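264 is the number that my numbering gives to position 264 of the sequence shown; each next residue is one higher, with no gaps.
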Amino acid sequence: MDHFPIFLATRGQRIVLSGGGEAALAKLRLLLKTSADLIVFAATPDPQIERWADEARLTLHRRAMAPGDAREAKLFYAADEDATEDARTAALAAADGALVNIVDNLQDSAFITPAIVDRDPVTVAIGTEGAAPVLARAIKADLEERLPASLGALTRVGKTFRKLADALPMGRARRDFWRDYYFTTGPRAMAAGADALRPALRDLLHTHLTRDARPGHVAFVGGGPGDPELLTLKARRALDEADVVIYDRLITPAILELARREALMIDVGKEGFGPSTSQEHINALLVEHAQSGAQVVRLKSGDATVFGRLDEEIDAVAAHDIGWHIVPGITAASAAVAGIGQSLTRRDRNSSVRFLTGHDMKGFADHDWAALARPNEVAAIYMGKKSARFVQGRLLMHGADRTTPVTVIENASRPDQRVLATTLSALPRDLTEANMTGPALTFYGLAPRAAVQAATETPLEELA
Ligand code: SAH
1 MDHFPIFLAT RGQRIVLSGG GEAALAKLRL LLKTSADLIV FAATPDPQIE
51 RWADEARLTL HRRAMAPGDA REAKLFYAAD EDATEDARTA ALAAADGALV
101 NIVDNLQDSA FITPAIVDRD PVTVAIGTEG AAPVLARAIK ADLEERLPAS
151 LGALTRVGKT FRKLADALPM GRARRDFWRD YYFTTGPRAM AAGADALRPA
201 LRDLLHTHLT RDARPGHVAF VGGGPGDPEL LTLKARRALD EADVVIYDRL
251 ITPAILELAR REALMIDVGK EGFGPSTSQE HINALLVEHA QSGAQVVRLK
301 SGDATVFGRL DEEIDAVAAH DIGWHIVPGI TAASAAVAGI GQSLTRRDRN
351 SSVRFLTGHD MKGFADHDWA ALARPNEVAA IYMGKKSARF VQGRLLMHGA
401 DRTTPVTVIE NASRPDQRVL ATTLSALPRD LTEANMTGPA LTFYGLAPRA
451 AVQAATETPL EELA
């Protein structure tokens, strides 16, 4: 982030602008929304600026800027639309100690003005660091549509109830009340007229003050393979409502960002073979937080029911009579197979698919190798990097074809996804060479579709 957004206090502060044309008008329209003292320097001001001056909404000096004119100004806008004049006024203002913005000159500006969605006191600022003004405008238009015009009034009335609402216990109870107000009761009352808002808010507070507290609960949520867009709507909502999020190592920062800002975030990341938070400790954390009344999200990568030690955690929670439920997620095999454009099952090839783990708690995991070694079998191997040589050995020993396609997908669904297409015989060597450090899923019996197509399109004489 080269530019950090902040909200500047403007009451009683001075903002100076040089310029009297279109660019000046555009900036002034925005600045007139603030409580700042606006001072404009323009030898030939637009009539609109003169009208604003007559209405005492700003102070107009009908001359070019001179040294000292920006003294005690917090911000300065160079809006003369003339590079030489802008450079001159910007230097004067900078010498006076103001933060300087030159209109349409990102390079020489100390700050930039975001696109704004104004539902005062709710303000949304949108910036792209000058990279994509079109995008900023599109986001603004989208938000303008989404945020009701009544939001400002709703917020102003809500503010006067803040103290009263403090009678509700901190945390969930208070949050539920405000959520109800802003998203259900408030807008409904507004529709009946602004006068209906206060009585509705009073009733709502009474309802919330007299209702029973919600008990603690644990949601076992599948966080998917890493791409936040592959979260289910239910997962998003659970994150949105969580008081505590207990998450694994493979959960990406982009997903953690979606949790409520006040939620307690607990990292219990387990390295493949490395140090880990013990399962007992994780179980204890779940019980402790749920018993204190928290809505806990136990966020696991992929689908929580696939190689996730889910049952141990459910047993721990259930043993304490704590309510729980599972929110399914997209497992790594689904994301990885999508990444290579293939199907997990296919008529006339494989009518079943196995999900296996390369190693379990006791070491390399054993499987029905003889069944898997038959032609056209497909298996998704989780945690299969370290066990590649072992798996290869077992399959070859049971008669698998050395040329069986094997594909390893690292960081499936993420921007740094990598695909290694190889064969059973070359797997360990190619895997070592590829030096994969991210989570990787190995498909036994599947090649990327592109590779298969290229091979079948090769003319026969070339194959001969
Ligand atoms: N519950 C998870 C699996 C947990 S075991 C799920 O359903 O996906 C961890 C293993 O999952 C990793 O070793 C790797 O084999 C696989 N995995 C998880 N995320 C992955 C990703 N984004 N890309 C490739 N493999 C992944």
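No residue lacks a Cβ here, since even glycine has one placed at the ideal position from N, Cα and C. On a predicted model such as this, the values are computed, not experimentally measured, just so you know.
**Request:** Pick helix, strand or coil for R57, following the three-state DSSP scheme.
**Result:** If you number the sequence shown from 1, residue 57 lands on position 57. R57: coil per DSSP, three-state reduction.
**Item:** Through-space distance from A335 to L230, alpha-carbon basis
**Value:** Indexing the sequence shown from 1 puts residue 230 at position 230. Indexing the sequence shown from 1 puts residue 335 at position 335. L230 and A335: Cα-Cα distance of roughly 9 Å.
**Prompt:** In three-state DSSP terms, what is V103?
**Reply:** For the purposes of this step, residue 103 is identified with residue 103 of the sequence shown, where counting begins at 1. Looking at V103 - three-state DSSP - the assignment turns out to be coil, as it is neither helix nor strand.
**Request:** Check each candidate in R174, V124, D166, D176 and name the one with the smallest Cα separation from L151.
**Result:** Within the sequence shown, the letter at position 151 stands for residue 151. Comparing Cα-Cα distances from L151 to each of R174, V124, D166, D176, the minimum goes to V124.
**Message:** Taking the beta carbon of A73 as the centre, do at least 16 other beta carbons fall within 10 Å, making it buried, or is it exposed?
**Reply:** Working through the sequence shown from its first residue, we reach residue 73 at position 73. Classification for A73: buried.
**Asked** Rounded C-beta distance between G68 and D96? I'm assuming under 8 Å.
**Response** The residue given as residue 68 occupies position 68 in the sequence shown. The residue given as residue 96 occupies position 96 in the sequence shown. Rounded, the Cβ-Cβ distance is 7 Å, consistent with contact.
**Request:** State the start and end residues of the unbroken alpha helix (DSSP H) segment that holds T155.
**Result:** Counting from one through the sequence shown, the residue named residue 155 turns up at place 155. The continuous alpha helix (DSSP H) containing T155 extends over residues 151 to 160.
**Message:** Looking at the strands, I want to know which residues DSSP matches up with S18.
**Reply:** Along the sequence shown, read from residue 1 onward, the residue named residue 18 stands at position 18. For S18, which the question treats as bridged, DSSP gives the partners F41, A78.
**Request:** Using 10 angstroms around the beta-carbon of F7, count the other beta-carbons present and answer buried if the total reaches 16, otherwise exposed.
**Result:** Counting from one through the sequence shown, the residue named residue 7 turns up at place 7. Exposed, because fewer than 16 other Cβ atoms sit within 10 Å of the Cβ of F7.
**Three-state secondary structure assigned by DSSP to G222** = In the sequence shown, counting from the first residue as 1, residue 222 sits at position 222. Of the three classes helix, strand and coil, the one that applies to G222 here is strand, per DSSP.
**Prompt:** What is the DSSP secondary structure of K362, counted as helix, strand or coil?
**Reply:** By 1-based counting over the sequence shown, the position of residue 362 is 362. If DSSP states are grouped into helix, strand and coil, K362 belongs with coil.
**Close Cβ partners of V122 (< 7 Å) along its chain, the five nearest in sequence each way excluded** = Along the sequence shown, one-based indexing puts residue 122 at 122. L151, G152, T155, listed in sequence order.
**Item:** Helix, strand or coil at T185 [DSSP, three-state]
**Value:** Start at 1 with the first residue of the sequence shown, and residue 185 comes out as number 185. Three-state result, T185: helix.
**Request:** Could you check what DSSP says for Q295 in three-state terms: helix, strand or coil?
**Result:** Residue numbering aside, residue 295 sits at position 295 when the sequence shown is read from its first letter. Correct three-state label for Q295: strand.
**Request:** Examine the Cβ distances between the region 373 to 390 and the region 429 to 441 and report whether three or more of them are shorter than 8 Å.
**Result:** yes
**Item:** Close-in-space but distant-in-sequence residues of the same chain around L258 (CB under 8 Å, 5 per side omitted)
**Value:** Taking the first residue of the sequence shown as position 1, residue 258 is located at position 258. Closer than 8 Å at Cβ, skipping near neighbours: P228, L231, R236, L239, D240.
**Request:** Tell me D118's beta-bridge partners as DSSP assigns them.
**Result:** Residue 118 sits at position 118 when you count from the first residue of the sequence shown. DSSP lists T123 as partners of D118.
**Rounded C-alpha distance that separates A165 from Y181** = Taking the sequence shown and counting its residues from 1, the one referred to as residue 165 is at position 165. Taking the sequence shown and counting its residues from 1, the one referred to as residue 181 is at position 181. The alpha-carbon atoms of A165 and Y181 are separated by roughly 11 Å.
**Request:** Verify the contact flag: L250, CB atom, against every heavy atom of ligand 1, threshold strictly below 8 Å.
**Result:** Numbered from its first residue, the sequence shown carries residue 250 at position 250. The answer is yes for L250.
**ligand 1 heavy atom lying under 8 Å from the CB of T331** = Taking the sequence shown and counting its residues from 1, one reaches residue 331 at position 331. T331 Cβ: within cutoff of ligand 1.
**Request:** Would you decide whether R29 is buried or exposed? Buried here means 16 or more other CB atoms lie within 10 Å of its CB.
**Result:** As a working mapping, residue 29 is identified with position 29 in the sequence shown. Taking every protein chain shown into account, the CB of R29 has fewer than 16 other CB atoms within 10 angstroms, so this residue is exposed.
**Asked** With respect to the beta strand (DSSP E) encompassing D267, which residues constitute its N-terminal and C-terminal limits?
**Response** Taking the sequence shown and counting its residues from 1, one reaches residue 267 at position 267. Note, D267: beta strand (DSSP E), 264 to 267.
**Helix, strand or coil at M210 [DSSP, three-state]** = Numbered from its first residue, the sequence shown carries residue 210 at position 210. Correcting the residue type first, residue 210 is Thr in the shown sequence and not Met. Here T210 sits in helix by DSSP.
**Asked** Does DSSP put A434 in a helix, a strand or coil?
**Response** Locating residue 434 in the sequence shown gives position 434, counting from the first residue. In this structure, A434 counts as helix in the three-state DSSP scheme.
**Item:** Endpoints, alpha helix (DSSP H) assigned at G323
**Value:** Taking the sequence shown and counting its residues from 1, one reaches residue 323 at position 323. Looking at the DSSP string, G323 is not in any alpha helix (DSSP H); the run it does join, the beta strand (DSSP E), is 323 to 327.
**Item:** Paired residues, beta bridge with I246 - DSSP
**Value:** Position 246 of the sequence shown, counted from the first residue, corresponds to residue 246. Residue pairing from DSSP places I246 in a beta bridge opposite I266, R298.
**Message:** Between which residues of its own chain and A370 is the CB-CB distance below 7 Å, once the five residues before and five after are set aside?
**Reply:** Translated into the one-based positions of the sequence shown, residue 370 becomes position 370. Only H398 meet the Cβ criterion.
**Asked** Taking just the CA atoms, how far does G329 sit from I282?
**Response** Working through the sequence shown from its first residue, we reach residue 282 at position 282. Working through the sequence shown from its first residue, we reach residue 329 at position 329. So the alpha carbons of these two residues sit roughly 20 Å apart.
**Prompt:** With DSSP run on the structure shown, which of helix, strand or coil describes T10?
**Reply:** Taking the sequence shown and counting its residues from 1, the one referred to as residue 10 is at position 10. DSSP places T10 in coil when its eight states are reduced to three.
**Message:** If you reduce the DSSP assignment to three classes, tell me which class F443 lands in.
**Reply:** The residue given as residue 443 occupies position 443 in the sequence shown. Reduced to three states, the DSSP call for F443 is strand.
**Prompt:** Between which two residues does the beta strand (DSSP E) containing T89 stretch?
**Reply:** In the sequence shown, residue 89 corresponds to position 89, counting from 1. Per DSSP, T89 belongs to no beta strand (DSSP E); it is in the alpha helix (DSSP H), 83 to 95.
**Request:** Measure from the alpha carbon of T160 to the alpha carbon of each residue in I139, G171, R202, then state which is nearest.
**Result:** Counted from its first residue, the sequence shown places residue 160 at position 160. For T160, the nearest C-alpha among the options comes from R202.
**Request:** Look at the Cβ atom of G293, then the Cβ atom of G216, and state whether they are nearer than 9 Å.
**Result:** The sequence position of residue 293 within the sequence shown is 293, counting from 1. The sequence position of residue 216 within the sequence shown is 216, counting from 1. Yes; because the gap between Cβ atoms is below 9 Å, this pair is in contact.
**Message:** Quick check: what's the CA-CA separation for V268 versus V245?
**Reply:** Taking the sequence shown and counting its residues from 1, one reaches residue 268 at position 268. Taking the sequence shown and counting its residues from 1, one reaches residue 245 at position 245. Using only the alpha carbons, I get a separation of about 10 Å.
**Prompt:** Sorted by chain position, which residues of the same chain lie with C-beta nearer than 6 Å to L427's C-beta, five sequence neighbours on each side aside?
**Reply:** Here residue 427 refers to the residue found at position 427 when the sequence shown is read from its first residue. The residues are A388, Q392, V406.
**Message:** Is there a Cβ of chain B sitting closer than 9 Å to that of R214, yes or no?
**Reply:** Among the protein chains of the structure shown there is no chain B, as only one such chain exists.
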